[in-house]
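Trainee: Got a structure for you, questions after.
Numbering (this note's numbering), first residue to last: 1352 to 1594.
In structure tokens form, the structure reads like this:
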């Protein structure tokens, strides 16, 4: 019930006024039955904008940190995300990935829409990164179509680190559903999973027009954070010239 109160009474109207979203290709999202909506992830606002414009309820796999914050703020955040149809996912390690797949398949098994970001994390610089194969595993095991989705303008409205979004128009563009029935029963083959994932990411890229990086976003973020740490350390403790 709270999901629909958020969508139609509290948050949805506010998001439409603030972002003035232009929706394209909404008819590509199936009106019934299980399907995956796979999108790029540029902003914290993405979690709420896409559900606000869809005609059907959608459940997202969201990082567990949104549900485990300390104190009253943490409890309120967890309540908000659960009420908004988000499922917590621990992203640390291989077993965590299997747990996310089980949760996603449970949603699809109920004939519902599942939202997922193939990149596995939010883009920190507005570019589109290599997709992880979990989306392919779920699509093949459940035998469901994948609808690519591009969020355009949300990075400018709320880039990483900005808590309150700017008033900025956005475009939410849905592409034609991708059918992977030709790979039925092949979800155990790595080459097939990579091919399916790359096809999904390419469809998102075609809709968004982003620059593509053939590396995982999490790896690039970690490298840049380490470089920034070393640079900061060098400024604090500069090397003395040798005599």
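We put the beta carbon where it would ideally sit given N, CA and C, even for glycine.
Specify, as a first and last residue, the run of the beta strand (DSSP E) that residue 1373 falls within.
Mentor: 1373-1375
Trainee: Return the Cβ separation of residue 1391 and residue 1479 in integer angstroms, given the expectation that the two are a contact with Cβ distance under 8 Å.
Mentor: 6 Å
Trainee: Around the C-beta of residue 1541, are 16 or more other C-beta atoms found within 10 angstroms, so that it is buried, or is it exposed?
Mentor: exposed
Trainee: Beta carbon of residue 1555, beta carbon of residue 1401: below 8 Å?
Mentor: no
Trainee: Leaving aside the five residues before and after residue 1461 along the sequence, list all residues of the same chain whose C-beta is less than 6 Å from its C-beta, in chain order.
Mentor: none
Trainee: May I ask which residues mark the beginning and end of the alpha helix (DSSP H) holding residue 1399?
Mentor: 1397-1404
Trainee: Measure from the alpha carbon of residue 1560 to the alpha carbon of each residue in 1567, 1566 and 1552, then state which is nearest.
Mentor: 1552
Trainee: Spatial neighbours of residue 1517 within its chain, please: C-beta separation below 6 Å, excluding the five flanking residues on both sides.
Mentor: 1508
Trainee: Less than 8 Å between the C-beta atoms of residue 1440 and residue 1414, yes or no?
Mentor: yes
Trainee: Please classify residue 1451 as buried or exposed, where buried requires at least 16 other C-beta atoms within 10 Å of its C-beta.
Mentor: Taking a 10 Å sphere around the C-beta of residue 1451, we find 16 or more other C-beta atoms and assign the residue as buried.
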